[in-house]
Amino acid sequence: MCCAQLMSQLPCKLLLLTAALLAFVDCTGGYVSAVSLNGLDNNANSFNIENEPIACEYPALTLSVRDDVQTLDPLHDPILVRRQATPPRQIGRILDAGMVLFTGESLVSDCGYRAELGLDGLRLVMDTEAGAVVYWSLVSGHHAALAFLQLDEAGELRFYTEQGQALWNSNTVLGKGSTSPYSLKLMNDGNLVVVDAKQRIRWETNTVQKSCKSSELWTDFVSAKQNGEQPVLFDYSYAGYRNSEVGLPDVSLLQLELPIFVVTNYGCGSMSGYCDAAFQTAIDLAVSAGGGIIYFPEGTFYLGEQFKDVSQDEERFMVTGGRIVIKGAGPDKTTLHWVGVDGRADFWNLRFKGEGRTGNKAIVVPYAFTAASSTYVQVDSVQKFEAGDCVVIAQDGDASTAEFWYNGEPFDDDWNAPYVRILSCIEKIVEQDGAIFLVLQEPLPFELQTVQGGPTITVQKTRFIEEVGVEALSMTSEWKTYPEEFQHKSGGITENGWNIVAFEFVRNAWVRDVYFDSVSGAVMTETCMAVTIKNNWVKGKKGHYGFLSRRSRGVLFNENKSTQHHGTSLQSSDINSVILKDIMDVGQSIDFHGKFASRTLMDQVEGGILSGNGGHDSNLPHHAKGLTLWNFQHRGSTEKEKTSFYDFWPQLDLRSSMVEGRTDPTYQTTNLIFEAVIAGLQGDEGVTVDKRDLKLYESLGAAVEPASLFEAQLAFRLSGYTKDPLER
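The sequence shown lines up with residues -30 to -1, 1 to 698 when you count with mature numbering (1 follows the signal peptide of the UniProt record, and there is no 0).
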């Protein structure tokens, strides 16, 4: 009997556990015993799980289920079990699918997983020789509220909302290394527990995070921040839309205050010819209105006819106003089919673009040292600035900047000297003891200093458009049927023919829930701040890369999936990009493309491999200081990739092998990264790293706590620690 049939026979609050298979797994992931539960009393509101002793460093309780689950009515069923829209991910990270949904989404307890709360009184009780403890329990009154579970240093399981607010603490959970017999009881006060007969519930250990070692790097970060000192780790938590301090906008609420421009109202019909004129009309109307939602209803819309015969920059679709969202009816319902082709790397079919730099400029006081993580710069004049202005802090490169950037390490004569481009906004202006300070909204990513005879540092006003986004649609192109295949470094149509969405001089923006099918490049951010690229999928015929960021600051790539040649590409003074829980293709290369990308975090990324970086000799190294790999899953596609040896800073006479086409059998090619930090590197067991040139290396083969560095840093920052001596 399926749950839908059961619902017709029972009152709303009397649901039955019909049948389930329970299996137990040892710490390496092998099943050791299994038992079936059948024919439970219709009036039961709990069931028991008994097991022999097992020893795990941190046993992970996972109630999981196949994805062929009967969907119940979420408005009337007190306990919901439903199919997931996305395929299951590997156990060992925040899971989106494959979990039994007793409360509407998932029920997991381990180092930093999530559950969606839907009922009062649901709890999981564990009995050990030490007595019964509540292992998991629902917060009374919090219905359908997405929450995160995290095991803290005291051994307590904490519940967090999406904003990181603690809702409730459980009792102490099963301790490290326990070998005591135990039993589990899943209970729901007032309601019966329902599991569809097709489902399987199992106890299984975490096959990715084999243990959850508390990171010394994290301990250092917290202690240093609390004591006003400089931690080893950079604070990456400012990445994302509005510095990730709020969630992405709900467009259904924006519709209450912004006009809606439906493209079919301007002469464009689904499957009825090109929609260039209608789309441009909608864009112009939205810009003139000071914002709006440009809506593509269900259907397929052909765009880009105007690009078929010309290659003029001004011929692309250009959005120059803020508060404009391009939205579809859903990625499975609305498709934009791009026809026009160009072949230049800088040509993108749809570009959002702000004004950029103005003439307003000040000089940072020469020889005034400003420490990393400070939130101020001292300037010679503020006559052209006011609070709220955004700026670019710039310093050209020479031998002195190279000495500073690479801590005196040998610098190759063929390399361009590193330069500085930092984007920020002014929170306020402070005059103190005759000195003038611009207090910034985000901390500086590294120290600022000049030397006698060296390049000056300038602060220049820059104008961005804000609150723009693209969401809930699919985009495809003629690349799908083009007769040739992708050719890396071809420099033409086979590499860059169909680039789709670009943001330039844009702040507080997003692209979410978009499927890109057979494109050259999906999304680029250039000279942008505080952008979130979330839950997008690049698939189909292989192209160059899925996502690219250059000269930007604080771009958050979150839970994206791509099968392109490269993973996310970063280059040209890109700062504080965070790649969080993205899924790379097996064997897919990262792409740090040179010109001094810095302060990058790859957090809980399913690789992919750590080689394949591109860039010309003159643009080396591939990545400057500040790269952190946190709980990265290395997944090679060949035996060579699975047994890679990574030397990220080889001696000077071997660096010519870093350029593609010039190989040295001793070293992994296309990798030149300065002072990287690696914590919790997992996956292919044959991978080794030369630790001598890393800033710090921690926990090879096992995950570290916190599971997500970005999420932990964000929660810590929002707790309100003091940031800056000037503020104090």
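Positions of the beta carbon are idealized from the N, C-alpha and C atoms, including for glycine. No experiment lies behind these values; they were computed from the predicted model shown.
In the DSSP assignment, Q541 forms a beta bridge with R520. Inclusion of D552 and V575 in the CB contact set at 9 angstroms is warranted, their separation being smaller than that value.
Straight-line measurement puts the Cα of L679 at about 8 angstroms from the Cα of W188. A residue is called buried when at least 16 other Cβ atoms come within 10 angstroms of its Cβ; A369 does not meet this threshold and is exposed.
By the Cβ rule, the stretch 607 to 620 does not count as touching the stretch 525 to 541, because fewer than three pairs are nearer than 8 angstroms. Distance check between A256 and each of G274, P267, R520 and M288 places M288 closest, using alpha-carbon atoms only.
Listed as beta-bridge partners of Y265 by DSSP are V232 and K297. The beta-bridge partner set that DSSP reports for R482 consists of E441 and K504. Within the model, the alpha-carbon separation for A500 versus K323 is close to 15 angstroms. The DSSP-derived three-state label of A369 is helix.
Taken atom to atom, the span from the alpha-carbon of T371 to that of V471 is near 34 angstroms.
Counting only residues of its own chain and dropping the five nearest sequence neighbours on each side, W449 has a CB closer than 7 angstroms to the CB of G467, W468, S488, V489, S490, K511 and G513. As computed with DSSP, D561 is found in a beta bridge with S539. In this chain, Q430 is not harboured by any alpha helix (DSSP H); it is covered by the beta strand (DSSP E) spanning I427 to R433.
In the DSSP annotation of this structure, F644 is not part of any beta strand (DSSP E), being labelled neither H nor E.
In the structure shown, the three-state DSSP call for V390 is strand.
A Cβ-Cβ contact shorter than 9 angstroms links I396 with L408. Collapsing the DSSP output to three states places L224 in a helix. In the structure shown, the three-state DSSP call for E655 is coil. Shortest Cα-Cα distance from F339 to any of S351, Q422, P219 and D384 involves Q422.
Taking C-beta separations shorter than 6 angstroms and ignoring five residues to either side along the sequence, the partners of T495 in its chain run F473, V501, S519, S522 and V525, following chain order. A residue is called buried once 16 or more other Cβ atoms fall within 10 Å of its Cβ, and Q365 is buried on that count. In this structure, DSSP gives E356 a state outside helix and strand, which the three-state scheme calls coil. Between the stretch 194 to 214 and the stretch 222 to 239 there are fewer than three C-beta pairs closer than 8 angstroms, too few to call the two in contact.
Assigned with DSSP and collapsed to three states, Y515 falls in strand. Contact between G516 and A492 holds: CB atoms are separated by about 5 angstroms, below the 8 angstroms threshold. A residue is called buried when at least 16 other Cβ atoms come within 10 angstroms of its Cβ; E441 meets this threshold and is buried. Inter-residue distance for K665 and P676 is about 20 angstroms (C-alpha atoms, whole angstroms). Proximity to A341 across F434, P201 and T426 peaks at P201, based on C-alpha coordinates. Around the beta carbon of Q683, 16 or more other beta carbons sit within 10 angstroms, so the residue counts as buried. By the CB criterion at 9 angstroms, T328 and K431 fall inside the cutoff. Listed in chain order, the non-local C-beta contacts of S607 below 7 angstroms within the same chain comprise V556 and G557, local neighbours out to five positions each way being set aside.
Excluding five sequence positions before and after V674, the CB atoms of its chain that fall closer than 6 angstroms to its own CB belong to K183, S185, A649 and G650, given in chain order.
For W308, the uninterrupted beta strand (DSSP E) run begins and ends at T304 to W308, by DSSP. Going by DSSP, F686 is part of the alpha helix (DSSP H) stretching over L679 to L688. Non-local beta-carbon contacts of A248 in its own chain, meaning distances under 6 angstroms to residues more than five positions away in sequence, involve V233, Y236, G237 and C238 in chain order.
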